[in-house]
Amino acid sequence: MKRMLSRKSMLLGVSAVALMTVATAQAEEEVYEDDAAEYEEIMVTGKKVTFANNATDQVMLDQKAPAASVLAVVDSLPGVLVSEGGIFGSDDWSTTVNMRGFSVGLDQQQIGTTIDGLPNGNSNYGGGSKANRYLDAENMERVEVSQGTADIGSPSHEALGGTLNFISRNPLEEEQFRVGLSYGDNNAQRMFVSYDTGEIFGNTTAYISYSHTDNDAWIGNAGGTYRDHVEAKFVTELEDWTLTGRISYDDANEDNYQRISLDSFYENPDWDRLTDQLTGIPVIDQNFRPSWSTLRKNFFAYLNAAYEGENFSAHITPYFHQQNGRGDWAPPYLVALDGTGDLQPSGTVFGGGYTERVFEVDGNPVMSYRHTHYAKRRLGFTTEVQAQLVEDNELRVGGWLESTRRDEWRDWHEIINPLASHAFVETAYWRQYDRTFNTDTILLYAEDSHEFGDLTLSAGLKKFFVDIERKDDFGNEANFSKNSDSDVLFSVGAVYNITEELEVFGGFSQNFAAIKDGVIEDLSDLAGSGNAEIQASIDSVDPETADNIDLGVRYSNDWIRFSLTGYSIKFENRIEAICSNNVSGIDYLGDDECAYTNVGGVKSKGIEAFVDIRVNDNWKLYSALTVNDSKYAGTDVKVALAPEFQLVGTLSYTKDGLNAGISAKHVGKRWGNYTTAADGITPASNVDRLPSFTIADFWVGYTLEGALGLDAIDFRLNVSNLFNEDYLGGGTPGGYFLGTARQTLATMTMKF
1 MKRMLSRKSM
11 LLGVSAVALM
21 TVATAQAEEE
31 VYEDDAAEYE
41 EIMVTGKKVT
51 FANNATDQVM
61 LDQKAPAASV
71 LAVVDSLPGV
81 LVSEGGIFGS
91 DDWSTTVNMR
101 GFSVGLDQQQ
111 IGTTIDGLPN
121 GNSNYGGGSK
131 ANRYLDAENM
141 ERVEVSQGTA
151 DIGSPSHEAL
161 GGTLNFISRN
171 PLEEEQFRVG
181 LSYGDNNAQR
191 MFVSYDTGEI
201 FGNTTAYISY
211 SHTDNDAWIG
221 NAGGTYRDHV
231 EAKFVTELED
241 WTLTGRISYD
251 DANEDNYQRI
261 SLDSFYENPD
271 WDRLTDQLTG
281 IPVIDQNFRP
291 SWSTLRKNFF
301 AYLNAAYEGE
311 NFSAHITPYF
321 HQQNGRGDWA
331 PPYLVALDGT
341 GDLQPSGTVF
351 GGGYTERVFE
361 VDGNPVMSYR
371 HTHYAKRRLG
381 FTTEVQAQLV
391 EDNELRVGGW
401 LESTRRDEWR
411 DWHEIINPLA
421 SHAFVETAYW
431 RQYDRTFNTD
441 TILLYAEDSH
451 EFGDLTLSAG
461 LKKFFVDIER
471 KDDFGNEANF
481 SKNSDSDVLF
491 SVGAVYNITE
501 ELEVFGGFSQ
511 NFAAIKDGVI
521 EDLSDLAGSG
531 NAEIQASIDS
541 VDPETADNID
551 LGVRYSNDWI
561 RFSLTGYSIK
571 FENRIEAICS
581 NNVSGIDYLG
591 DDECAYTNVG
601 GVKSKGIEAF
611 VDIRVNDNWK
621 LYSALTVNDS
631 KYAGTDVKVA
641 LAPEFQLVGT
651 LSYTKDGLNA
661 GISAKHVGKR
671 WGNYTTAADG
681 ITPASNVDRL
691 PSFTIADFWV
701 GYTLEGALGL
711 DAIDFRLNVS
721 NLFNEDYLGG
731 GTPGGYFLGT
741 ARQTLATMTM
751 KF
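Residues in the sequence shown are numbered from 1 upward in steps of one, following full-length UniProt numbering.
Set out below in structure tokens:
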């Protein structure tokens with residue numbers, strides 16, 4: 001592995017110059033002209049809120065390549081660690097987000113995500129959709145991050161540990177046609193085309209965009225990703241009303257990366273143990289990267305109607321989301337489905353068990369191509385009313401309603417000739433299961449805030465009503481349901497302005513995560529039990545909750561922004577799947593019996609801070625610090641994969657048409673796993689101390705105005721992981737994804 005003191009020295013130097021003190025939050029919007037672009041840069045420097053919150057700025061957008069995932073932009077904010085196993089976020093399977101001991105990844109969904117304030121429909125791999133499925137980087141205005149608790153009206157029932165709100169840009173006031181072309185390492189190619197109408201009909205602006213991105217896998221010589229993405233948005237201004245509509249369509253085909261052990265990383269930190277050539281030996285070829293795939297199509301649309309009066313405002317936003325996709329694997333055998341051990345000669349068998357796994361027929365190797373299909377439809381709306389009942393008092397009342405249907409089924413196809421390729425017979429020989437899950441969600445909330453001179457007090461309450469139903473579409477099993485309502489959840493807080501530039505804040509909130517339908521998905525551990533016993537087992541699982549306390553200070557003037565937050569979190573009713581672990585290797589058939597149960601909690605405490613300095617009209621310095629201590633309740637065992645120390649330093653420069661910068665992030669050592677006590681549940685001691693790492697990004701761009709008869713032409717070079725550091729990103733306890741190697745992308749953008 002590469003160990004270079006220069007990287008750490010550079011980071012510490014940039015951070016020190018940036019007055020690396022501490023901070024989180026952001027507020028007061030400042031809009032100013034950027035000489036290098038026609039877009040306005042919005043800098044959020046700290047709302048009057050009682051909890052930690054941050055937002056990305058233009059420098060963070062410039063730091064990432066246009067092909068990058070929108071998730072990557074938030075990685076420089078305090079408290080946040082985004083890990084992506086695929087270049088430019090091109091693999092959902094290996095993408096994780098960590099914040100204050102909470103995470104989003106293969107095994108947990110504890111951080112909320114919204115798109116323009118609307119729910120994303122969960123972030124899990126099986127049926128979820130992370131933000132990059134909804135939004136291109138070129139169309140993103142900013143990301144608002146609430147580290148500990150979300151706004152009371154945030155429509156998410158995953159937000160135990162805060163929320164990421166991705167905000168799309170509004171259409172331009174002037175007509176513009178934009179074409180961007182990007183080329184980079186690993187045959188990375190990207191085309192982005194957009195058209196802004198400017199003002200039409202005297203009150204409307206709109207745009208439509210299309211992008212295509214593809215790249216090879218950065219490990220080995222096989223596999224890769226392609227993605228097609230379409231967005232459109234309009235804004236119509238009426239006398240007291242504003243209508244905003246937006247649609248997005250995303251079609252992604254991603255070959256995956258695999259988790260490895262810490263020992264495997266030390267043995268070879270550049271290989272995830274997937275292969276790039278077929279050998280004709282199924283036990284090896286089950287690891288052929290192009291057979292490990294994620295296919296997803298997502299369509300999302302909403303229409304927002306907002307009314308703005310003198311002392312009264314209201315909005316309602318109906319939305320619709322549809323997803324279709326599948327996940328692929330290639331088990332090194334066929335499955336015999338009858339009592340004689342013979343293979344099914346033709347057609348598809350629906351449901352039932354299997355008698356044995358068949359590894360060869362007439363001396364020839366055989367393999368299956370296993371597809372797990374995901375389909376989801378969501379229909380819902382959010383609404384809110386704000387009223388100033390008396391002077392200095394504001395009341396907010398609102399709600400969220402959503403109905404979701406999720407279908408999941410798994411079928412097995414025969415690979416035609418394992419000696420030659422992984423092509424498979426289109427007709428499945430076995431549909432293993434077919435299930436439907438219906439989830440109905442209602443959120444009701446109210447919040448009142450009152451200003452007493454320089455002091456603002458707020459108090460609110462909200463309640464979730466969540467009902468889940470499971471149906472076996474073969475009709476062989478009974479239907480089961482789960483009520484996952486919350487208690488009434490309270491929040492209180494205060495903001496005190498010491499001066500016009502300095503304020504202190506504090507808040508307490510109760511957070512909630514509804515039980516996911518996965519808890520009642522696989523009931524194999526209860527096979528042979530009566531329906532009443534199965535339902536009782538389902539009912540015994542309680543929703544997860546977290547109590548969050550934030551205390552902090554914010555400072556902002558014309559040249560410096562600074563914030564420091566201390567937090568304490570008590571997370572209870574943590575849900576985990578307890579498995580028998582009676583299957584070695586990948587459990588393709590689902591034979592490992594697992595049961596979901598509440599296993600205790602987590603206690604977290606720490607500080608988050610940032611400082612942002614405008615040295616002069618050209619130079620800007622930014623630094624962020626995170627110190628976090630997350631332990632499983634009642635133990636001294638650290639939460640697996642939770643970052644303990646993070647430090648960011650960024651130096652950027654803009655003048656005339658030139659903009660450039662360098663940014664570095666250091667992540668300290670983390671614990672990756674833990675052993676359990678005799679009960680198989682209680683954490684006993686940590687194992688796998690993951691090495692620290694420092695990642696640097698570099699970017700430079702130049703914009704020529706009026707060149708070649710164009711409105712503008714922009715040239716940009718982005719380099720991520722500048723020093724090609726070997727490191728481990730996210731994963732699950734005991735299994736870790738490799739961090740991506742250095743990637744360079746050159747982009748030319750023309751504006752007409």
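We put the beta carbon where it would ideally sit given N, CA and C, even for glycine. Here the structure is a predicted model, which means the values were calculated and not measured.
Per-residue burial, Tyr257 [other beta carbons within 10 Å of its own, 16 or more giving buried]: Within the sequence shown, the letter at position 257 stands for residue 257. Tyr257 should be labelled buried.
Buried or exposed by the 16-neighbour rule on C-beta atoms within 10 Å, applied to Gln277: Stepping through the sequence shown from its first residue, residue 277 is reached at position 277. It is exposed - the Cβ of Gln277 has fewer than 16 other Cβ atoms within 10 Å.
Residues that DSSP places opposite His373 in a beta bridge: In the sequence shown, the residue the question calls residue 373 occupies position 373. Paired residues: Arg326 and Trp409.
Within the continuous alpha helix (DSSP H) that includes Met60, where are the two ends? For the purposes of this step, residue 60 is taken as residue 60 along the sequence shown, with counting starting at 1. Its alpha helix (DSSP H) spans residues Gln58 to Gln63.
Considering Cα atoms alone, identify which of Gly352, Ala65 and Gly634 is closest to Glu138. Looking up residue 138 in the sequence shown gives position 138. With distances taken between Cα atoms, Glu138 lies closest to Ala65.
Gly518 and Asp62: beta carbons closer than 8 Å? Residue 518 sits at position 518 when you count from the first residue of the sequence shown. Residue 62 sits at position 62 when you count from the first residue of the sequence shown. No, they are not a contact pair.
Start and end residues, alpha helix (DSSP H) containing Asp539: Working through the sequence shown from its first residue, we reach residue 539 at position 539. Element bounds for Asp539: Asn531 to Asp539.
For Val97, count neighbouring Cβ atoms within 10 angstroms of its own Cβ and tell me buried if that reaches 16, exposed if not. Counting from one through the sequence shown, the residue named residue 97 turns up at place 97. With 16 or more other Cβ atoms within 10 Å, it is buried.
Member of Arg689, Thr654, Val349 and Leu738 whose CA lies at the smallest distance from the CA of Gln58: Working through the sequence shown from its first residue, we reach residue 58 at position 58. The residue with the shortest Cα to Cα distance from Gln58 is Thr654.
List the DSSP bridge partners of Tyr226. By 1-based counting over the sequence shown, the position of residue 226 is 226. Answer by DSSP bridge pairing, in chain order: Asp214 and Asn253.
Glu30 in three-state terms, based on DSSP: Within the sequence shown, numbered from 1, the residue matching residue 30 stands at position 30. Here the model assigns Glu30 a pLDDT of 36, short of 50, so the residue's position is not dependable and the matter cannot be decided.
Is the beta carbon of Ala514 closer than 8 Å to that of Gln110? Here the question's residue 110 lines up with position 110 in the sequence shown. Here the question's residue 514 lines up with position 514 in the sequence shown. No, the Cβ-Cβ distance between Gln110 and Ala514 is not below 8 Å.
Compare the beta carbon distance of Lys297 and Gly325 with 8 Å and say whether it is the shorter of the two. On the sequence shown, position 297 is the one that residue 297 refers to. On the sequence shown, position 325 is the one that residue 325 refers to. In contact: Lys297 and Gly325 (Cβ atoms closer than 8 Å).
Starting from Met748, follow its DSSP beta bridges and name the residues at the other end. One-based indexing of the sequence shown puts residue 748 at position 748. The partner list for Met748 (beta bridge, DSSP) reads Leu181 and Phe715.
Whole-number beta carbon distance between Phe312 and Ala387, since they are thought to touch under 8 Å: On the sequence shown, position 387 is the one that residue 387 refers to. On the sequence shown, position 312 is the one that residue 312 refers to. Rounded to the nearest angstrom, the Cβ distance from Ala387 to Phe312 is 5 Å, consistent with a contact under 8 Å.
So, using beta-carbon positions, are Ser623 and Val602 closer together than 8 Å? In the sequence shown, residue 623 corresponds to position 623, counting from 1. In the sequence shown, residue 602 corresponds to position 602, counting from 1. It is not a contact, given that the beta carbons lie outside the stated cut-off.
Taking C-beta to C-beta, are Arg370 and Trp329 nearer than 8 Å? As a position in the sequence shown, residue 370 is number 370, starting the count at 1. As a position in the sequence shown, residue 329 is number 329, starting the count at 1. Yes, the Cβ-Cβ distance between Arg370 and Trp329 is below 8 Å.
Coarse secondary structure for Tyr195, derived from DSSP in three states: Residue 195 sits at position 195 when you count from the first residue of the sequence shown. Three-state result, Tyr195: strand.
Which class does Leu243 belong to by DSSP, given the choice of helix, strand or coil? What you label residue 243 is simply residue 243 of the sequence shown in a count that begins at 1. Here Leu243 sits in strand by DSSP.
The alpha helix (DSSP H) that contains Ile284, what's its start and end? Working through the sequence shown from its first residue, we reach residue 284 at position 284. Pro282 to Asp285 is the extent of the alpha helix (DSSP H) around Ile284.
Report yes if the C-beta distance between Asp91 and Thr225 is below 8 Å; otherwise report no. Against the sequence shown, residue 91 aligns to sequence position 91. Against the sequence shown, residue 225 aligns to sequence position 225. The answer is yes: Cβ separation under 8 Å.
Residues near Met750 in its chain [Cβ-Cβ closer than 6 Å; skip 5 each side]: Position 750 of the sequence shown holds residue 750. Excluding residues within five positions, the ones whose Cβ falls inside 6 Å are Val179, Leu710 and Ile713.
What three-state label does DSSP hand Tyr266 in the structure shown? On the sequence shown, position 266 is the one that residue 266 refers to. It is helical.
N-terminal and C-terminal residue of the beta strand (DSSP E) that Gly649 is part of: In the sequence shown, residue 649 corresponds to position 649, counting from 1. Here the beta strand (DSSP E) through Gly649 covers Phe645 to Lys655.
Tell me the rounded alpha-carbon separation between Phe192 and Gln176. Numbered from its first residue, the sequence shown carries residue 192 at position 192. Numbered from its first residue, the sequence shown carries residue 176 at position 176. Near 14 Å, if we compare the C-alpha coordinates of Gln176 and Phe192.
Can you tell me which of the three DSSP states Asp591 falls into? Mapped onto the sequence shown, residue 591 falls at position 591. Residue state, collapsed to three classes: coil.
Assign Val73 to one of three DSSP states: helix, strand, or coil. Here the question's residue 73 lines up with position 73 in the sequence shown. Helix at Val73.
Would you check if the segment 289–296 and the segment 313–322 touch, i.e. whether three or more CB-CB distances between them fall below 8 Å? no
Spatial distance of Glu40 from Val143 (CA atoms): As a working note, residue 40 is residue 40 in the sequence shown. As a working note, residue 143 is residue 143 in the sequence shown. Because the pLDDT of Glu40 is 34, which lies under 50, any placement of that residue in the model is unreliable, and the number read from its coordinates should be weighed accordingly. Going by the C-alpha atoms only, they are around 15 Å apart.
Collapsed DSSP secondary structure at Val466 in the structure displayed: Residue 466 sits at position 466 when you count from the first residue of the sequence shown. Of the three classes helix, strand and coil, the one that applies to Val466 here is strand, per DSSP.
Among Glu705, Ile695, Asp440 and Phe715, which residue has its Cα nearest to the Cα of Ala741? In the sequence shown, counting from the first residue as 1, residue 741 sits at position 741. When only C-alpha atoms are compared, the closest one is Ile695.
Can you find the residues in the same chain that come closer than 7 Å, C-beta to C-beta, to Ser484, ignoring five residues on each side of it along the sequence? For the purposes of this step, residue 484 is identified with residue 484 of the sequence shown, where counting begins at 1. The residues are Val466, Ile468, Ala514, Ile515 and Pro543.
List the endpoints of the continuous beta strand (DSSP E) containing Arg357. Here residue 357 is taken as the residue at index 357 of the sequence shown, counted from 1. Annotation: the continuous beta strand (DSSP E) that includes Arg357 extends over Glu356 to Val358.
Compute the Euclidean distance between the alpha carbons of Leu334 and Val366, then round it to the nearest angstrom. Residue 334 sits at position 334 when you count from the first residue of the sequence shown. Residue 366 sits at position 366 when you count from the first residue of the sequence shown. Here the C-alpha atom of Leu334 lies approximately 6 Å from the C-alpha atom of Val366.
Exposed or buried, Tyr302, counting other C-beta atoms within 10 Å across all chains shown (16 or more means buried)? Counted from its first residue, the sequence shown places residue 302 at position 302. With 16 or more Cβ atoms within 10 Å of its Cβ, Tyr302 is classed as buried.
What whole-angstrom Cβ distance do Phe474 and Asp434 have, given they're in contact under 8 Å? Residue numbering aside, residue 474 sits at position 474 when the sequence shown is read from its first letter. Residue numbering aside, residue 434 sits at position 434 when the sequence shown is read from its first letter. Sure, about 6 Å apart at Cβ, within 8 Å.
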